[in-house]
Amino acid sequence: YSFFPGKPRWPDSKRDLTYAFSPGNQLTDDVKSVFARAFERWSTVTTLTFTVTDSFYTADMKIGFFSGDHGDGEPFDGVLGTLAHAFSPPNGQFHLDGAENWVISGDVTKSSVTSAVDLESVAVHEIGHLLGLGHSSVEDAIMYPSISSRTRKVELVQDDVTGIQELYGANPSYNASSTPSASHERETSDGGP
Amino acid sequence: HFFEPNVPTPIPSWLNETQINETLSEWDAFRNLSGCHAGDRVDGLSKLKKYFQYFGYISNSSSSSFNFTDDFDDALKSALETYQKNFNLDVTGELDERTVQQIVRPRCGVPDIVNGSTTMNSGKYNSSSSTRFHSVSH
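Each protein sequence line maps, in turn, to chains P and E.
Each residue of the first sequence is one higher than the one before, counting from 13 in this note's numbering.
Each residue of the second sequence is one higher than the one before, counting from 84 in this note's numbering.
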């Protein structure tokens, strides 16, 4: 695991964080539930809690889908390539490439679409950035920088857990033995493209 | 800075396999660079340098960084070696098949090396440093 330079994190006064979705995206409850599950994976292992709010401009973390140049100097590039990016604490911006073939339910590994991307897998990774984690060289870690299409990888492994707990401490209810040293829930197709 | 989107936001269309967009990634063109090594001059290497600059492997402050050539030069070799360390690949300094396959995989847009440092496998990045700063904390 790694941290951003200066090891930024949410301050001690901010342990109950809120998140909101860009109103312009008009996301359905099904899509929002994907993000809720992703946040839950991080709150299980830390002292942080996450609550969705309708107040986009006051939320600690702001989630939106964008296409191409969306004003932050980091334009998206269409299908595949870069999938999403997020900013370190306490910025809270989380942007996803609206051009991707995002999968929100069903078995992404069996998709006939070679460019299908599992939304929850990407969301779990980007939330790690929102909380202060950088990239990891551990291939099974959530914070590994790349993910093949038609792949699902949503379970935190020890490398992720150790990193986030260094920033925020452990959830008293967290059972370390339940965390694999390598991901159990990692399914992929034939690896392409 | 606090960035507040001031552009129209799309309404994403969730994957419907009858209405798919199977456009190739622009990174797929990098597959044609497989086998390139130091001293080569091949169309497309300049774009690969931009890729490495985007993810922090080539310094933004380099005088040549705004006008990359298609030469497989020392800067590209150094970037490749650091990339190969970070991704647990054999450190060849060449565009071998495994490295190219890794490069074209979809990925997060956050750089691996921020402000010249990384705690991925390669440790501290010893260069004049990338000035790319994706993490904004004020």
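In this text, a Cβ means the ideal position worked out from N, Cα and C, and glycines have one as well.
Treat the numbers as computed from the prediction; the structure is a model and nothing was measured.
- For Ser-185 (chain P), the closest C-alpha among the options P:Ser-55, P:Gly-83 and P:Val-150 is that of P:Ser-55.
- DSSP, reduced to helix, strand and coil, places Tyr-69 (chain P) outside both helices and strands of the structure shown, so it counts as coil.
- Counting only runs of 4+ residues, the alpha helix (DSSP H) found wholly inside the region 148–185 of chain E occupies 157–169, in chain order.
- Classified as buried, Pro-194 (chain E) has 16 or more neighbouring CB atoms from the shown chains inside 10 Å of its CB.
- Taken in chain order, the whole alpha helix (DSSP H) runs of length 4 or more contained in the region 99–150 of chain P are 131–143.
- For Leu-128 (chain E), the closest of E:Asn-143, E:Ala-158 and E:Gly-192 by C-alpha to C-alpha distance is E:Ala-158.
- With a contact defined as Cβ atoms closer than 8 Å, Leu-142 (chain P) and Ala-98 (chain P) qualify at about 5 Å.
- With a 10 Å radius around the Cβ and a threshold of 16 neighbouring Cβ atoms, Gly-118 (chain E) comes out exposed.
- DSSP places Lys-165 (chain P) inside the beta strand (DSSP E), whose first and last residues are 163–165.
- Secondary structure note for Thr-61 (chain P): its beta strand (DSSP E) is the uninterrupted segment 61–64.
- Contact note: Thr-182 (chain E) does not reach chain P at a C-beta cutoff of 7 Å; the least C-beta distance is about 13 Å.
- Under the DSSP assignment, Thr-174 (chain P) falls in the alpha helix (DSSP H) whose first and last residues are 170–180.
- For Gly-192 (chain E), the residues of chain P that pass the 7 Å Cβ criterion are Glu-86, Thr-94, Ala-96 and His-97, in the order they occur in the chain.
- A buried status is given to Gln-105 (chain P), since no fewer than 16 other beta-carbon atoms sit within 10 Å of its beta-carbon.
- Shortest Cα-Cα distance from Gly-175 (chain P) to any of P:Phe-47, P:Asp-119, P:Gly-144 and P:Pro-35 involves P:Gly-144.
- Listed by position along chain E, the residues whose Cβ is nearer than 9 Å to that of Ser-160 (chain P) are Arg-188 and Pro-189.
- Taking a C-beta distance under 8 Å as the contact criterion, Ser-127 (chain P) and Val-166 (chain P) do not qualify as a contact pair.
- Not one beta carbon of chain E lies nearer than 8 Å to the beta carbon of Val-169 (chain P).
- Using a CB distance cut-off of 8 Å, Ser-200 (chain E) counts as an interface residue toward chain P.
- Counted as a single uninterrupted DSSP element, the alpha helix (DSSP H) harbouring Asp-41 (chain P) occupies residues 41–55.
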